[in-house]
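J.: Per the working numbering, the sequence shown starts with residue 294, numbered consecutively. We put the beta carbon where it would ideally sit given N, CA and C, even for glycine.
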Amino acid sequence: MTIRRLSIVALAAAVLLAACATKPPAAPEPEPQIVAPVPEPVKEPEPVKAPEIAKEELDALHGRVLALRKDAFELGLKDLMSKEYAEAEKHYLAGKTALDADNRPVAKSELSTAEPLFAELVAKGGVMVARNRQSDAAAARKRALGVDAQTLSPDALAVADAALASADAALAAGDFKAAIASYGLAISAFDAVEKRSSALAVKATVDSLGYGPLDAGNYATAGQKLAALDKLLEKEPKAAQDAAEESLLRYRLVLAKGWELTAGGKRDAAQKFKLEAEGIKAQVAVKAEYAEAKTLWDEGLSVFATGNHEASAPLFEQSELLFAAVYDKAAAKRAAAEAAIKAAASKNEESSTIVVEGNEKLGTADDSVAPASEGKKE
294 MTIRRLSIVA
304 LAAAVLLAAC
314 ATKPPAAPEP
324 EPQIVAPVPE
334 PVKEPEPVKA
344 PEIAKEELDA
354 LHGRVLALRK
364 DAFELGLKDL
374 MSKEYAEAEK
384 HYLAGKTALD
394 ADNRPVAKSE
404 LSTAEPLFAE
414 LVAKGGVMVA
424 RNRQSDAAAA
434 RKRALGVDAQ
444 TLSPDALAVA
454 DAALASADAA
464 LAAGDFKAAI
474 ASYGLAISAF
484 DAVEKRSSAL
494 AVKATVDSLG
504 YGPLDAGNYA
514 TAGQKLAALD
524 KLLEKEPKAA
534 QDAAEESLLR
544 YRLVLAKGWE
554 LTAGGKRDAA
564 QKFKLEAEGI
574 KAQVAVKAEY
584 AEAKTLWDEG
594 LSVFATGNHE
604 ASAPLFEQSE
614 LLFAAVYDKA
624 AAKRAAAEAA
634 IKAAASKNEE
644 SSTIVVEGNE
654 KLGTADDSVA
664 PASEGKKE
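Structure below.
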């Protein structure tokens, strides 16, 4: 067993030694082959999806733009700042069209452009309008002073001045919306003061002429409106303005009615003298004087026909005086002529009597009578 194991070991060692002694040279390695890499297919980039625009977001944006647009329109900026308004309006309409078509990206883009444009328009235009209204209020105050409001309506003028001061304060604070509204109230207040003062002036004329009873209904209503406006002026200047306007209108109607009746009476008086003068042929007897009176009469009729009764009244009054003078002069001439005719007739009769008496004394009565008798027969 031992000898066999030794034999195997010796054989393995001999084989190993033989292999080491007779090893052949190594074969050359093949040259490496360069293989081009196969390109990977290019992947198209996936489109980036825009974030979804919520309908609520667009509706809110549209609401803001619409409110600004409304402010601009109500301020009159479509005309006052037409170029800027048109630019903002262009983007608004494009946005509204896209919104209606549910094209949300375009709608958002256009409305987002329109919003600051309208905001800037309102900011600039608002101040401009406020300053314009400030000038209008100053002009309204000047008109009130022009009809002596400081004397006829001092308390009402003080109320209007307070409204103007409030508007000036709002403008100074940069609140143009409040300023515009306050200036509007101040303008109404000053207009009410102006008409109140004018109404009182007309009332004074009506009273001095005694025309109130000639149109009692309008006269009473005018007084009621005048009292109402004093109560309304501070809190409701626009209502006070309406009341003042109606009061002035009513007093003017009373005055117009009075002048109409007055002018009508003067026309009738002038016509009476005109007819009397024409009845004695004054247009022939005193032609120049009659023509002068007739010219005034015709002018009075023409003015009366236009409704200007106040202006026609003095024309009728003057023509009445002239027709009266024409009548007197024509009547005097007529009386003188009649007296002359009567005197001539009387003289002729006296002459005939003297002739007859002379003939009788001379004894030639028959001779003088005969020819006369013959003449009558012929």
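Within 10 angstroms of its Cβ, does residue 537 collect 16 or more other Cβ (buried), or is it exposed?
T.: Within the sequence shown, numbered from 1, the residue matching residue 537 stands at position 244. Residue 537 comes out buried.
J.: How many angstroms separate the CA atom of residue 632 from the CA atom of residue 581?
T.: Here residue 632 is taken as the residue at index 339 of the sequence shown, counted from 1. Here residue 581 is taken as the residue at index 288 of the sequence shown, counted from 1. If you take the alpha carbons of residue 632 and residue 581, they lie about 24 Å apart.
J.: To test your reading of the DSSP string, which unbroken alpha helix (DSSP H) runs of 4 or more residues are found completely within the segment 544-613?
T.: 575-578, 580-598
J.: Where do the N-terminal and C-terminal ends of the alpha helix (DSSP H) with residue 435 fall, by residue?
T.: Here the question's residue 435 lines up with position 142 in the sequence shown. Note, residue 435: alpha helix (DSSP H), 397-439.
J.: Pull up the CB-CB distance for residue 397 and residue 346, whole angstroms please, since I reckon it's below 8 Å.
T.: Translated into positions along the sequence shown, residue 397 becomes position 104. Translated into positions along the sequence shown, residue 346 becomes position 53. The pair is a contact, with the Cβ atoms about 4 Å apart (cut-off 8 Å).
J.: Pairs of beta-carbons, one from the segment 414-432 and one from the segment 360-373, closer than 8 Å: are there three or more?
T.: yes
J.: Roughly how many angstroms lie between the CA atoms of residue 400 and residue 418, to the nearest whole one?
T.: Reading the sequence shown from its first residue, position 107 is the one you call residue 400. Reading the sequence shown from its first residue, position 125 is the one you call residue 418. Using only the alpha carbons, I get a separation of about 26 Å.
J.: Can you tell me whether residue 465 is helix, strand or coil according to DSSP?
T.: Position 172 of the sequence shown, counted from the first residue, corresponds to residue 465. Helix.
J.: In three-state terms, what does DSSP make of residue 519?
T.: Locating residue 519 in the sequence shown gives position 226, where the first residue counts as 1. Helix.
J.: Of the choices 452, 365, 411, 623, whose alpha-carbon is the least far from that of residue 529?
T.: Mapped onto the sequence shown, residue 529 falls at position 236. Taking only the C-alpha atoms, the option nearest residue 529 is 452.
J.: Give the single residue among 433, 378, 615 whose Cα lies nearest to the Cα of residue 484.
T.: Here residue 484 corresponds to residue number 191 of the sequence shown, with the count starting at 1. Selected option, being the one with the closest Cα: 433.
J.: Taking DSSP as the reference, what is the three-state secondary structure of residue 346?
T.: Position 53 of the sequence shown, counted from the first residue, corresponds to residue 346. Coil at residue 346, not helix or strand.
J.: Could you spell out the range, first to last residue, of the alpha helix (DSSP H) harbouring residue 388?
T.: Along the sequence shown, one-based indexing puts residue 388 at 95. First-last of the alpha helix (DSSP H) with residue 388: 375-393.
J.: Assign residue 534 to buried or exposed, taking buried as 16 or more other Cβ atoms, counted over all protein chains shown, within 10 Å of its Cβ.
T.: Taking the sequence shown and counting its residues from 1, one reaches residue 534 at position 241. So residue 534 ends up on the buried side.
J.: Can you tell which of 353, 380, 619 has its C-alpha closest to the C-alpha of residue 365?
T.: On the sequence shown, position 72 is the one that residue 365 refers to. The shortest C-alpha separation from residue 365 is found at 380.
J.: Counting only the same chain and skipping the five closest in sequence on each side, list residues whose C-beta sits under 7 Å from that of residue 575.
T.: For this step, residue 575 is matched to residue 282 along the sequence shown. Taken in chain order, the residues that qualify are 583, 619, 620, 623.
J.: Measuring CA to CA, which of 520, 542, 597, 354 is closest to residue 552?
T.: Your numbering for residue 552 matches position 259 in the sequence shown. Measuring from the Cα of residue 552, the nearest candidate turns out to be 597.
J.: Mapping the DSSP letters down to three states, classify residue 529 as helix, strand or coil.
T.: Translated into positions along the sequence shown, residue 529 becomes position 236. Three-state DSSP puts residue 529 in coil, outside helix and strand.
J.: Do residue 440 and residue 407 come within 7 Å of each other at the CB atom, strictly closer than that value?
T.: In the sequence shown, the residue the question calls residue 407 occupies position 114. In the sequence shown, the residue the question calls residue 440 occupies position 147. No. Outside cutoff.
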